[in-house]
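These notes concern the structure reproduced below.
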Amino acid sequence: MDLILLVKAAVMGIVEGLTEFLPVSSTGHLILTGSLLGFSDDKSKVFDIAIQTGAILAVVIVYWHRLSGAVAHLSDSAAARRFVLNVGIGFLPAAVIGLLAYKTIKAHLFNAPVVAAAFVVGALIILWVERKATLKVRIQEVDDMSPLDALKVGFVQCLGMIPGTSRSGATIIGGMLLGLSRKAATDFSFFLAIPTLMGAGAYSLWKERALLSVADIPLFGVGLLFSFVSAWLCVRWLLRYISTHSFVAFAWYRIAFGIVVLVTAYTGLVTWAD
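Numbering of the sequence shown is given in the working numbering, commencing with residue 8 and proceeding in unit increments.
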């Protein structure tokens with residue numbers, strides 16, 4: 008396989024891993040990077056979704072003790088059963104709405120005005136939430152969540168289907184508005200990402216299987232590897248970052264990136280349409 012193509016796959020993997028779990032929208036960054044690299048055909052769109060699996064594996068590794076412990080104690084721990092149930096409940100809205108609205112989203116929301124607006128509106132919401140002095144915290148840890156809490160966060164996660172919104176941004180900031188601590192909202196966002204992104208990747212690969220061949224294995228392998236490594240570093244960094252910082256810096260970054268979206272679309276440098 009062409010070495011240049013593999014380098015492009017590595018770059019896309021790095022971008023995916025670094026942006027998937029930050030509140031900045033991996034979709035927007037992948038569209039921009041793919042267009043600049045000339046990596047934006049139909050197969051590349053499947054690639055963008057499939058390499059999310061590498062990022063998810065990073066989350067599984069970082070939270071391995073928690074996840075393996077929950078599975079191991081399903082039969083004898085009410086807390087473990089509640090944790091698994093909550094993740095499942097939180098995943099359901101995205102699974103149902105995603106299947107029902109997939110074609111509509113692809114047809115009507117993948118354009119520069121929507122992506123830019125999502126970046127800016129999301130930034131303003133982050134700034135508003137971070138400046139609320141009376142934000143009440145009801146839930147300090149994920150284990151304190153009820154099934155209803157999980158369902159509410161699950162519905163908020165669906166906002167991440169709008170290109171430029173950010174799945175992680177929606178679940179983290181939405182979780183904080185619903186009464187979760189910054190840590191609990193971030194942790195639950197990561198846990199929800201496991202079934203959500205793996206499901207999206209599997210669905211995309213199956214739906215577009217006619218575009219793929221055995222010759223694509225090295226391409227996808229490189230993307231998965233670099234997505235995994237960069238996501239592992241990013242998740243570990245973010246968990247340390249939130250212990251002493253707010254998300255305000257990400258909000259200003261989102262505003263700047265929203266402007267980049269409009270400029271690149273207006274100049275024709277990037278095609279922000281599916």
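No residue lacks a Cβ here, since even glycine has one placed at the ideal position from N, Cα and C.
Supposed contact pair F198 and L187 - C-beta distance, whole angstroms, cut 8 Å = Within the sequence shown, residue 187 is the residue found at index 180, counting from 1. Within the sequence shown, residue 198 is the residue found at index 191, counting from 1. Not quite, the Cβ-Cβ distance comes to about 12 Å (not below 8 Å), so this is no contact.
ask   = I249 by DSSP, collapsed to three states: which one?
value = For the purposes of this step, residue 249 is identified with residue 242 of the sequence shown, where counting begins at 1. The answer is coil: DSSP assigns I249 none of H, G, I, E or B.
ask   = Nearest-angstrom Cα distance between I180 and V121?
value = Position 173 of the sequence shown, counting from 1, holds the residue named residue 180. Position 114 of the sequence shown, counting from 1, holds the residue named residue 121. Straight-line Cα distance between these residues: approximately 20 Å.
inquiry  = Please state the DSSP three-state secondary structure of L116.
reply    = Stepping through the sequence shown from its first residue, residue 116 is reached at position 109. Reduced to three states, the DSSP call for L116 is coil.
ask   = Should A108 be listed as close to the ligand FAD, given that the test is whether its C-beta is under 7 Å from any heavy atom?
value = Absence of the ligand FAD is noted for the structure shown, with no ligands found whatsoever.
inquiry  = According to DSSP, is L187 part of a helix, a strand, or is it coil?
reply    = Walking along the sequence shown from the start, residue 187 turns up at place 180. Three-state DSSP puts L187 in a strand.
ask   = Considering only residues of the same chain and omitting the five flanking positions on each side of I56, which have a CB-CB separation below 7 Å?
value = Start at 1 with the first residue of the sequence shown, and residue 56 comes out as number 49. So the qualifying residues of the chain are A207, G208 and S211.
query = Skipping 5 residues on each side, what residues in its chain have a beta carbon closer than 6 Å to that of K50?
reply = By 1-based counting over the sequence shown, the position of residue 50 is 43. Take K50, set aside five residues on each side of it, and the residues of its chain with a beta-carbon closer than 6 Å to its own are L218, in chain order.
Helix, strand or coil at I169 [DSSP, three-state] = Here residue 169 refers to the residue found at position 162 of the sequence shown. Here I169 sits in coil by DSSP.
message = Pull the bridge partners of I146 from the DSSP assignment, please.
response = What you label residue 146 is simply residue 139 of the sequence shown in a count that begins at 1. Paired residues: L187.
ask   = To which residues of the same chain is I132 closer than 7 Å at the C-beta, ignoring the five residues directly before and after it?
value = As a working mapping, residue 132 is identified with position 125 in the sequence shown. I180, listed in sequence order.
task = Classify L29 as buried or exposed, calling it buried when 16 or more other Cβ atoms lie within 10 Å of its own Cβ.
result = For the purposes of this step, residue 29 is taken as residue 22 along the sequence shown, with counting starting at 1. L29 should be labelled buried.
task = Please state whether DSSP places I58 in a helix, a strand or coil.
result = Mapped onto the sequence shown, residue 58 falls at position 51. Judged by DSSP in its simplified three-state form, I58 adopts coil rather than helix or strand.
key: CA nearest to the CA of L231, picked from S33, Q59, D9 and G171   = Taking the sequence shown and counting its residues from 1, one reaches residue 231 at position 224. It is Q59.
message = Contact between the stretch 30-44 and the stretch 14-22 is defined here as three or more beta-carbon pairs at a separation below 8 Å; is this criterion met?
response = The way I'd put it, the stretch 30-44 does touch the stretch 14-22; three or more beta-carbon pairs between them come closer than 8 Å.
task = Kindly confirm or deny that the stretch 245-261 and the stretch 143-159 touch, where touching means at least three C-beta pairs closer than 8 Å.
result = With a cut-off of 8 Å, the stretch 143-159 and the stretch 245-261 do not count as touching, because too few Cβ pairs lie within range.
query = So, is G275 buried or exposed, given that buried needs 16 or more other C-beta atoms within 10 angstroms?
reply = As a position in the sequence shown, residue 275 is number 268, starting the count at 1. So G275 counts as exposed.
key: T74 (DSSP reduced to helix, strand or coil)   = Taking the sequence shown and counting its residues from 1, the one referred to as residue 74 is at position 67. Reading off the sequence shown, one finds Leu at residue 74, where the question assumed Thr. Three-state result, L74: helix.
query = Along the chain, where does the alpha helix (DSSP H) that runs through K159 open and close?
reply = Locating residue 159 in the sequence shown gives position 152, counting from the first residue. Membership of K159 in the alpha helix (DSSP H) is indicated by the continuous run P154 to Q164.
Test item: CB-CB of G284 and G61 under 8 Å = No information on residue 284 is available, as it lies outside the stretch 8 to 281 that the chain covers here.
query = Which residue from V242, A123, F233 and M168 puts its Cα closest to that of L269?
reply = Stepping through the sequence shown from its first residue, residue 269 is reached at position 262. For L269, the nearest C-alpha among the options comes from A123.
task = Please name the residue in M205, R88, F254 and R73 whose C-alpha comes closest to that of W135.
result = Here residue 135 refers to the residue found at position 128 of the sequence shown. Nearest Cα to W135 within the set M205, R88, F254 and R73: F254.
key: Inter-residue spacing [alpha-carbon to alpha-carbon] between M152 and K113   = In the sequence shown, counting from the first residue as 1, residue 152 sits at position 145. In the sequence shown, counting from the first residue as 1, residue 113 sits at position 106. M152 and K113: Cα-Cα distance of roughly 33 Å.
ask   = How big is the Cα-Cα spacing for L81 and V94?
value = Taking the first residue of the sequence shown as 1, we reach residue 81 at position 74. Taking the first residue of the sequence shown as 1, we reach residue 94 at position 87. Near 14 Å, if we compare the C-alpha coordinates of V94 and L81.
ask   = Taking the alpha-carbon positions, what's the G129 to R261 distance?
value = Locating residue 129 in the sequence shown gives position 122, counting from the first residue. Locating residue 261 in the sequence shown gives position 254, counting from the first residue. Near 8 Å, if we compare the C-alpha coordinates of R261 and G129.
message = Between which two residues does the alpha helix (DSSP H) holding W279 run?
response = The sequence position of residue 279 within the sequence shown is 272, counting from 1. No alpha helix (DSSP H) contains W279, which DSSP labels as neither H nor E.
query = Does the distance from the C-beta atom of L64 to that of F235 stay below 8 Å?
reply = For this step, residue 64 is matched to residue 57 along the sequence shown. For this step, residue 235 is matched to residue 228 along the sequence shown. With contacts defined as CB atoms closer than 8 Å, L64 and F235 qualify as a contacting pair.
query = Should W71 be labelled buried (16 or more other beta-carbon atoms within 10 Å of its own) or exposed?
reply = Along the sequence shown, one-based indexing puts residue 71 at 64. Burial state of W71 is exposed, judged by a 10 Å Cβ sphere holding fewer than 16 other Cβ atoms.
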